[in-house]
Amino acid sequence: MRLTLYRRPVGQNAILATLLVDVLALATQLWLSGGAYNPFISLFLLQLVLGAILMTPGRVAILVAVTAAAYALLGLYGHPIAWPLWLVPLVPWLMATGSWISFVMTGGLLVAFVTRVIRNLRARDAYVAELSQRATEEDAIVRMGLLASGAAHELGTPLSTLSVILNDWSRMPRFRRDAELSGELADMQREVGRCKTIVGDILHSVGAPRSEGVEVVRVESFLTTLAQAWRGTHPNVPLTFHPLDVTEAQMVADPAVRQVIASLLDNAADASPTGIELSATTSSGHVEISVRDRGPGFPPSQLAVIGKPYQSSKAPGRGLGLFLAAALARRLEGQLSATNRPNGGAEVRLVLPLALDRAKETG
5 MRLTLYRRPV GQNAILATLL VDVLALATQL WLSGGAYNPF ISLFLLQLVL GAILMTPGRV
65 AILVAVTAAA YALLGLYGHP IAWPLWLVPL VPWLMATGSW ISFVMTGGLL VAFVTRVIRN
125 LRARDAYVAE LSQRATEEDA IVRMGLLASG AAHELGTPLS TLSVILNDWS RMPRFRRDAE
185 LSGELADMQR EVGRCKTIVG DILHSVGAPR SEGVEVVRVE SFLTTLAQAW RGTHPNVPLT
245 FHPLDVTEAQ MVADPAVRQV IASLLDNAAD ASPTGIELSA TTSSGHVEIS VRDRGPGFPP
305 SQLAVIGKPY QSSKAPGRGL GLFLAAALAR RLEGQLSATN RPNGGAEVRL VLPLALDRAK
365 ETG
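Position 187 of the sequence shown, counted from 1, bears residue number 191 in this note's numbering, the numbering being contiguous throughout.
Next up, the structure:
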């Protein structure tokens with residue numbers, strides 16, 4: 005392992021050298037004050053314990069050998085303490101007191117050092133686990149992106165064929181004379197056109213740089229436009245938008261933000277066809293976008309793993325949208341959370357940073 009001192013890495017050899025200097029300094033002090041008979045000789049345990057925790061077995065063996073040699077030399081050549089005659093009767097009591105003080109110091113320092121080292125090791129392990137989790141999530145996102153790109157390419161041809169057929173039908177006298185058929189045909193053409201637009205957006209986003217499409221927008225107008233567009237594609241699901249206190253607030257938005265919020269609205273609509281709510285508020289340099297539904301809510305087991313890949317319970321309206329939203333929030337230094345509402349339904353909160361001076365790169 006490697007420690008960090010003042011943000012600079014400290015290698016194993018540096019740790020060994022530091023502990024050896026400590027051992028030699030302590031041995032010198034003990035040699036001048038009683039040698040191996042000094043009750044504070046137990047302080048050698050500090051270096052050995054720290055070495056065992058921080059170093060490889062080979063370096064620990066070197067430290068043990070030097071410490072053992074120092075102890076032996078102190079027993080053979082240590083300077084005895086020249087007690088004044090009037091203190092000689094108190095020597096046993098002084099030695100016992102010194103041994104007690106040595107025990108307290110050794111125990112206290114060991115607890116302090118070992119506790120801090122273990123805390124740092126746990127923090128390091130947690131950081132490594134987080135990096136591993138993020139790598140797994142990034143891999144899942146890449147694979148989903150490749151799948152979406154491949155599906156978009158494959159869907160392009162049948163959609164173009166449908167579009168040509170529908171255009172041909174629209175010019176046929178039979179369809180032009182029948183108002184009902186003509187209206188249905190217009191609806192089909194509009195939906196096919198929408199599918200082609202979605203496919204085109206997918207292909208464009210796969211090949212576009214991350215900074216492309218990034219802009220600073222007013223939160224209220226951004227969400228109002230998004231809500232209007234969403235209502236147009238979901239006319240049967242009432243959507244209520246509460247802008248609250250975001251009139252002048254600005255945020256950094258790109259196509260991914262729009263898609264993620266739309267996906268959260270889709271999830272809520274699937275779980276609650278009778279109506280959903282969208283709201284936004286600002287606090288401490290962030291905008292909190294909330295999507296609420298009136299559905300059954302999240303199972304407790306799913307709430308514990310919100311935002312994790314492959315953790316969907318497959319309940320209505322609960323898919324990979326939450327995973328993608330959580331990944332986007334982390335990339336923008338935000339946060340995603342979900343809770344069940346006391347009166348029924350679920351609430352998903354997407355917290356994103358507000359724009360201060362200029363748009364930040366989302367990559």
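Note that the Cβ used here is the ideal one computed from N, Cα and C, for glycine as well. All values derive from a computational prediction rather than experimental measurement.
Reduced DSSP category for residue i - H, G, I as helix; E, B as strand; rest coil
{"i": "Gly-15", "result": "coil"}
{"i": "Thr-60", "result": "coil"}
{"i": "Pro-247", "result": "coil"}
{"i": "Leu-125", "result": "helix"}
{"i": "Val-355", "result": "strand"}
{"i": "Leu-368", "result": "Missing from the structure shown is residue 368; the chain here goes from 5 to 367 and no further."}
{"i": "His-238", "result": "coil"}
{"i": "Asn-271", "result": "helix"}
{"i": "Trp-90", "result": "helix"}
{"i": "Asn-42", "result": "coil"}
{"i": "Thr-22", "result": "helix"}
{"i": "Ser-215", "result": "Low confidence applies here, because Ser-215 scores a pLDDT of 46, under 50, leaving its location unreliable; read the following figure in that light. Looking at Ser-215 - three-state DSSP - the assignment turns out to be coil, as it is neither helix nor strand."}
{"i": "Ala-73", "result": "helix"}
{"i": "Gln-263", "result": "helix"}
Within 8 Å, strictly: CB atoms of residue i and residue j
{"i": "Ser-276", "j": "Arg-298", "result": "yes"}
{"i": "Pro-304", "j": "Leu-336", "result": "no"}
{"i": "Pro-242", "j": "Gly-279", "result": "yes"}
{"i": "Thr-295", "j": "Leu-326", "result": "One detail in the question is off: residue 295 reads as Val in this sequence, not Thr. Result no, Cβ atoms of Val-295 and Leu-326 do not sit closer than 8 Å."}
{"i": "Gly-38", "j": "Gly-79", "result": "no"}
{"i": "Val-256", "j": "Ala-329", "result": "no"}
{"i": "Lys-200", "j": "Leu-151", "result": "no"}
{"i": "Arg-170", "j": "Val-196", "result": "Correcting the residue type first, residue 170 is Leu in the shown sequence and not Arg. Closer than 8 Å, so yes."}
{"i": "Ala-331", "j": "Glu-141", "result": "yes"}
{"i": "Leu-166", "j": "Phe-179", "result": "no"}
{"i": "Val-27", "j": "Ala-65", "result": "no"}
{"i": "Ala-266", "j": "Leu-230", "result": "yes"}
{"i": "Gly-102", "j": "Pro-43", "result": "yes"}
{"i": "Ile-57", "j": "Val-121", "result": "yes"}
{"i": "Ala-253", "j": "Val-220", "result": "no"}
{"i": "Arg-63", "j": "Gln-137", "result": "no"}
First through last residue of the beta strand (DSSP E) which encompasses residue i
{"i": "Arg-222", "result": "219 to 222"}
{"i": "Ala-86", "result": "Ala-86 -> no beta strand (DSSP E), and no H or E assigned at all."}
{"i": "Ala-257", "result": "254 to 257"}
Boundaries (first-last residue) of the alpha helix (DSSP H) holding residue i
{"i": "Phe-179", "result": "177 to 181"}
Rounded Cβ spacing between residue i and residue j (contact assumed at less than 8 Å)
{"i": "Leu-47", "j": "Met-99", "result": "So it is not a contact: roughly 16 Å between Cβ atoms."}
{"i": "Glu-281", "j": "Val-355", "result": "Actually they do not touch by this definition, with Cβ atoms about 17 Å apart."}
{"i": "Leu-50", "j": "Leu-113", "result": "6 Å"}
{"i": "Leu-67", "j": "Leu-20", "result": "7 Å"}
{"i": "Val-118", "j": "Val-53", "result": "7 Å"}
{"i": "Thr-285", "j": "Leu-248", "result": "5 Å"}
{"i": "Ala-342", "j": "Phe-302", "result": "6 Å"}
{"i": "Leu-24", "j": "Val-70", "result": "6 Å"}
Practice item. Any chance you could list the beta strand (DSSP E) runs of at least 3 consecutive residues sitting entirely within the segment 274 to 351, in chain order? Key: 280 to 287, 290 to 297 and 339 to 344
Review point. Residue ranges of each alpha helix (DSSP H) run of no fewer than 4 residues wholly in the segment 96 to 140, ordered along the chain?
Key: none
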